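Chains as they are written, first to last, in the UniProt record's numbering: chain A, 1 to 407; chain B, 1 to 407. Heads up, the thing below is written out as C-alpha cells.
Number of protein chains: 2
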Amino acid sequence: MAPLLEIQHRDPGSRARTGVLNLAHGQVRTPAFVPLATKGTIKGLEPREVRALGYDMVLGNTFHLFLAPGHELVKDQGGLHEFMRWEEPIITDSGGFQVFSMGHGTVADEIKGRAPSGSDRAGAILGIEEEGVRFRSYIDGGERFMAPETSMEVQAALGSDIALAFDECTPFHVTREYTERSTERTHRWLDRCIAWHDEHQPVGQALYSISQGGVYEDLRRAATRHVAQTRAPGVAIGGSLGADKPQMYEVVDWATDELERVAPDKPRHLLGIGEVDDLVRGVELGIDTFDCAMPTRIGRHGMALVPDPSRRWRIDLTKGRMKQAKEPIMEDCPCPACSQGFTRAYLHYLFGAHELTALRLVTLHNLAFIARLMADLRGAIATGTLPQVAAAIRAGAAPGALATAAA
Amino acid sequence: MAPLLEIQHRDPGSRARTGVLNLAHGQVRTPAFVPLATKGTIKGLEPREVRALGYDMVLGNTFHLFLAPGHELVKDQGGLHEFMRWEEPIITDSGGFQVFSMGHGTVADEIKGRAPSGSDRAGAILGIEEEGVRFRSYIDGGERFMAPETSMEVQAALGSDIALAFDECTPFHVTREYTERSTERTHRWLDRCIAWHDEHQPVGQALYSISQGGVYEDLRRAATRHVAQTRAPGVAIGGSLGADKPQMYEVVDWATDELERVAPDKPRHLLGIGEVDDLVRGVELGIDTFDCAMPTRIGRHGMALVPDPSRRWRIDLTKGRMKQAKEPIMEDCPCPACSQGFTRAYLHYLFGAHELTALRLVTLHNLAFIARLMADLRGAIATGTLPQVAAAIRAGAAPGALATAAA
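In C-alpha cells form, the structure reads like this:
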C-alpha cells in the first residue's frame, strides 16, 4: 500500500518538501492550499470550477454539517462527496474550533484571523466537561452535545478522506495553566478518537491528531511530540498560534521541529492559515497542507488578491477609487474574472449593486491566485529554487510559473 | 443591407414565424426568449454561461443603469457590451415601466407579474408632465428627471442594439379615459424618441415603438396601428395586458392582428411575459421576442421549472418534502445543475443555508429549460409541426428536441 504521504522532493535549506497525499478519493499534490466548503459548498462556486483552478481537496465542517442538514441525512444521500458532487478528497474539521469559539469568544488581535462568523457566534456554549461539550444550536436553539466520539461518528458519516480529532481549541488570551490543563484533556480526547476510529474503522478515512499547547514553547513542543507519537497517521497544528505573524511562525517552527524528529513522514496540516506570506513561510517550515477562509471570505467582501506585499496582497474593489478603473484585478491573470476582461470598475459597480456575480468572480480570482502560488512553491522545491521563488513572492512577484522562471 | 427581421419559416395555422434578427452585435434566432441583465449582469451568472445555454440576446434596463452606475460611466467604459462583457446583442428597456411602477403602484392580480422589485418601489414618482417624469432615486434619494430624450440619450450611451421608446406604462386598474389620454401622450413621446434618434443616429441601434392602449380593444388596436406605422423599425407590446391569461392572450391577439395588416415584417417584442404556456401562445400569436424576470427570479427563490402544467411548470425546492429527494430537478435534463447530479435534497439544503451556489444552479436550470423550449418552438415552426409540439408542451412534455421528435 502506498504511504499516506509520499515525499518527493526536499528543499535543502529548509523543512520544505513536496509530495503526494494518497487518499481514498485521489491524490493531493503537496504543499497544497485547501479551500473551504464549510457547509458542503464552496460558496458561490460549482465543484468543477474549483477543480479547474487546480485544487485537489476541499474542507468540510463537522460542526455546521452536524447541525444542518445533519450527518444522518448526508450519509443517507451517499456521503458528503456524493451530496455536494465533489469527487476528489475531502478533509473535515472536527468541530472543535467552532464549538469552542462560541465559549471562549475571540481576541481582536489574535493572529489566526479565525474570528467566528455570525453563524458561529449565534450559538452558545453551555458546558465543557471531560465527556464533551454541550452547546446551543445556532439553527434551532436546541441543546446539542458533542463528544470526541460524536465528532468521529459525524465525520465517518460524512465519509471524508481525512478526519480531524476533536480538540479543545484554546484562544490566545487564556493562561498557561488553562492551556496546560486543556491540552491534557485534548490528549485524552485524542485517545478516545483513535479508539472510536479503531473500533469502527471508517472505510478510506485517515485520522489526523491535533497539536495544541498554545504559545508556550515547552507545552507546544510536548503536545506536538505527544500527538505525533500516537497511531494517528497525520498531524494538524491547531489552537492559538500567537498574537502576530512572528510569533505564529515561531510556534509553527517549534511544532515542525518536533515533527521532524519524532514523525518526519507524517503529513502536516496547518489549521486556519492562508495569507500569502504565511503560506510561503509555512511551506518553508515544512507544512504540507493549509486551510483558510481568507481567499473566499475576503472575495465575497470585495477584496481581491494582487501581488503587492505593501498592501498585504489585496485591493479593496469597493473603494471609490475603483469606480472608473479600466484595468482587470490583475494584468495577465489567467483567472475567469481577469481573463474575460471584467474591469475593476465593473466589479466595483457590481459590489455596490449587491450583485451575486461580483462575489463569484472575485472568489474565483482569489482561489486562482492561491492555486498558482502553491504550484509555484511546489515547482520551486522540486527544482531547488525555493529561496529565489520565496524571495520573489515576498517582493511582489505575480504567481504563475515563477518556479520555471527561477529554474 | 439585410432586413432587421429576416423571416424564414411560417406556421400555416397561426401567426407563428421563425427568423433571424440582424443586429449590430450579431444575429438573434427568433422566436427567442431574452434573459434579464437588468443591472448589467444576469444575476449570479457569467455572460459565457448564458451564451452556452443558447441565448443570443439579453435585456438591460435604462432606469436602473441611469441611476447606477450612470450611463456616462458606462459609455466611458466602452458601452454596456464592453462593461458587462457580453458581446452579443442587447435590448434595453426604456425605463418607462420602472418609472411608472413607482407612481401607479401595482395590482396584485395583474397578469404581467411585473410587480416592481424592492428597489423599484423604494423610489417615488414626483410628477408626470408632458415634458417627462420627475422621480426620486432609490439609490441616493436625489431628484431625477426622465424625458423621452433622456431615455434615448441613456440608451444611446449604453449602446444597445435595440432601444425601446419611452412610454407611460399604464397599469390594469386605471380608467379607459386615463388609458386613452396616456396612450396619446405615449405617441407624442414616441415622436420625440424618433426625432432624437433621427438627429443623433446612434450607431447600430434599432428603435422599437411601444404599443399601449391597455385592455380596450379599440384603443389597443388603434395604438398598435399608430406605432407600427411610424418609422420605428420594430414594435413592442407593452402596458397592461389584462387581469388573467385569457385576457392577456386576447390583447396580444388584437395587437398582432393589427401588426399582420400594417407592418407584417417588423419584429415584435412582448414585454414582461415568459411563463411556459404564455411563451407557447405568444409564439402562436406571432411574437418574435419575449423578456421576463420569471425564470431567473423564481430560480433565486428556490423555484425550478419542470414539465408539469398542473404545477404551473414549477416545483418549490424550499419545501420540506424536498429534504430527502434524491432525484435531480428534472430527469435527463442537460443543464449544469441536473447533468452534474445535484439532487433536490442538496438544493433544498443549500437554500435553507442561504448558500449562493443554490441560486446559481437553479437559475441555470431555469434558463436552460426556457432555452430548450424556444429551440423546440423554432424547430417546430421550421418543420411544420407547431400544433403537435405546442400540444405536447401544454400536456407536459419535457423540452429538448421535441420538434425533431414530432417531425
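Quick reminder that beta carbons are idealized off the backbone N, C-alpha and C, glycines included. It should be emphasised that the depicted structure is a prediction, and the values quoted were computed from it without experimental measurement.
- B/L5 carries a strand assignment under DSSP once its states are collapsed to helix, strand and coil.
- Put simply, the CB of B/F83 is near chain A, with a gap under 8 Å to one of its CB atoms.
- Beta-bridge partners of B/T92 (DSSP): B/G60 and B/A163.
- Per DSSP, reduced to three states, the secondary structure at B/M330 is coil, with no helix or strand assignment.
- Here A/L373 is not near A/V215, since their CB atoms are 8 Å or more apart.
- Spatial neighbours of A/S182 in its own chain (CB-CB distance under 6 Å, excluding positions within 5 residues in sequence) are listed in chain order as E168 and T170.
- With contacts defined as CB atoms closer than 8 Å, B/R136 and B/F145 fail to qualify as a contacting pair.
- Its chain contains E284 and L386 as the residues whose beta carbon lies nearer than 7 Å to that of A/S14, once the 5 sequence neighbours on both sides are disregarded; these appear in chain order.
- Per DSSP, reduced to three states, the secondary structure at A/Y346 is helical.
- Using a CB distance cut-off of 8 Å, B/G13 does not count as an interface residue toward chain A.
- The C-beta of A/E49 comes no closer than 8 Å to any C-beta of chain B.
- The segment 258-273 of chain A makes contact with the segment 224-236 of chain A: 3 or more CB pairs, one atom from each, lie closer than 8 Å.
- Taking C-alpha positions only, A/R311 is separated from A/G274 by approximately 16 Å.
- The continuous beta strand (DSSP E) containing B/T30 extends over residues G26 to T30.
- Per DSSP, the unbroken beta strand (DSSP E) holding B/A236 starts and ends at G234 to I237.
- Selection A/H9, A/A2, A/R48 and A/G40 evaluated against A/Q27 yields A/A2 as nearest (Cα-Cα).
- What A/G352 touches in chain B, judged by beta-carbon distance under 8 Å, is A68 and P69, going in chain order.
- DSSP, read as helix, strand or coil, puts B/H197 in helix.
- In the three-state reduction of the DSSP assignment, A/H301 falls in the coil class, being assigned neither a helical nor a strand state.
- Within the same chain, L5, R17, G19, L21, T30, P31, A32, P267, R268 and H269 come within 8 Å of B/D288 by CB-CB distance, once the 5 residues on both sides are set aside.
- Secondary-structure assignment with DSSP links B/T357 through no beta bridge to anything.
- For the segment 124-143 of chain A, the beta-carbon criterion of a distance under 7 Å to any beta-carbon of chain B is satisfied by none of its residues.
- Within the segment 321-341 of chain B, K323, Q324, K326, P336, Q340 and G341 place their CB atoms closer than 8 Å to a CB of chain A, listed in sequence order.
- With respect to the 8 Å criterion, A/T62 and A/Q155 are classified as neighbours on the basis of their beta carbons.
- Taken in chain order, the complete beta strand (DSSP E) segments of 3 or more residues contained in the segment 168-219 of chain B are 206-211.
- With a threshold of 8 Å between beta carbons, A/D288 makes no contact with chain B.
- A contact between stretches requires three or more CB pairs, one per stretch, nearer than 8 Å, and the segment 354-361 of chain A meets this requirement with the segment 43-54 of chain B.
- Here B/M146 is bridged, per DSSP, to B/V133.
- Of B/D376, B/L219, B/A157 and B/A52, the smallest CA-CA separation from B/A398 is found for B/D376.
- B/E72 is outside the set of residues whose beta carbon lies under 8 Å from a beta carbon in chain A.
- B/G19 carries a strand assignment under DSSP once its states are collapsed to helix, strand and coil.
- Just so you know, the alpha carbons of B/E130 and B/Y178 end up roughly 14 Å apart.
- In this chain, A/T289 is not harboured by any alpha helix (DSSP H); it is covered by the beta strand (DSSP E) spanning T289 to D291.
- Note that the C-beta distance between B/L36 and B/A293 is below 8 Å.
- Pairing B/C338 with B/P328, the inter-Cα distance amounts to about 5 Å.
- For A/R176 and B/I42, the gap between their C-alpha atoms comes out near 54 Å.
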